[in-house]
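**Q** Residue numbers (our numbering): 496 to 695.
Glycine residues also receive a C-beta, built at the ideal position from the N, C-alpha and C atoms.
(1) Could you work out which residue in 514, 507, 510, 644 is closest to residue 631 when comparing CA atoms only?
(2) Tell me the DSSP bridge mates of residue 665?
(3) Reducing DSSP to helix, strand and coil, say where residue 614 ends up.
(4) Taking just the CA atoms, how far does residue 592 sit from residue 506?
(5) Is residue 623 closer than 8 Å to residue 459 when the C-beta atoms are compared?
(6) Given 8 Å as the limit, is there contact between the region 657-673 and the region 632-644, that is, 3 or more CB pairs closer than that?
(7) Would you give the residue range spanned by the beta strand (DSSP E) that residue 503 belongs to?
(8) Reducing DSSP to helix, strand and coil, say where residue 537 ends up.
(9) By alpha-carbon positions, which one of 604, 531, 654 ends up nearest to residue 579?
(10) Could you have a look at residue 607 and say whether DSSP puts it in helix, strand or coil?
(11) Tell me which residue opens and which closes the alpha helix (DSSP H) that residue 587 is part of.
(12) To which residues of the same chain is residue 594 closer than 7 Å at the C-beta, ignoring the five residues directly before and after it?
(13) Assign residue 620 to one of three DSSP states: helix, strand, or coil.
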């Protein structure tokens, strides 16, 4: 049985436009994978705490020497890593806030990027420790950013996933959503067509 991990990073949870686009793909995936399991990580409903020095030290500490609080912090990170590592497919709904990724998604990344867990350093540089798997990213933006220097999201997310070993990455963009009803409709229609092609 295949497992799909769906990550909502919209402030509006599953009702955000990026989440709705991702949900369209998940429905198609379930049709093609009867019996498939969907695990949802909603970063609005259950935000991951932002990384602090105390949490970071807990990750670095020898497991046998961790304090009870450090054990708790490390276990929270371990659960997120296990959730990602167990997924055959990952789907991320990605809105753009102030030209960047949502801070809740950055907090998730900071808990997943763990030396010795998801990557390691070698004499030739860092090496990702997760096996490759498809990651589908549904990016919803109010304006137009794809392919411009203002699109800080795409390169950042791609670099992070490559860093931990994942290279099979597909983006579906819905842009200009705040630029009038007609443009919004056209963008969402184009995104739906892209989802159909991706699901096929």
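**A** A quick look at the data gives this:
(1) The residue from 514, 507, 510, 644 with its alpha-carbon nearest to that of residue 631 is 514.
(2) Answer is 631.
(3) Three-state result, residue 614: strand.
(4) Looking at the two C-alpha atoms, the distance is approximately 10 Å.
(5) Beyond the ends of the chain as shown, which are 496 and 695, falls residue 459; an answer cannot be given.
(6) As far as the Cβ criterion goes, the region 657-673 touches the region 632-644, which means the pair count is three or higher.
(7) Taken as a continuous stretch (DSSP letters only), the beta strand (DSSP E) holding residue 503 covers 498-503.
(8) Annotated three-state conformation of residue 537 is strand, per DSSP.
(9) Put simply, of 604, 531, 654 the residue whose alpha carbon is nearest the alpha carbon of residue 579 is 604.
(10) Three-state result, residue 607: helix.
(11) Note, residue 587: premise wrong, no alpha helix (DSSP H); beta strand (DSSP E) at 584-590.
(12) The answer, listed in chain order, is 645, 647.
(13) DSSP places residue 620 in strand when its eight states are reduced to three.
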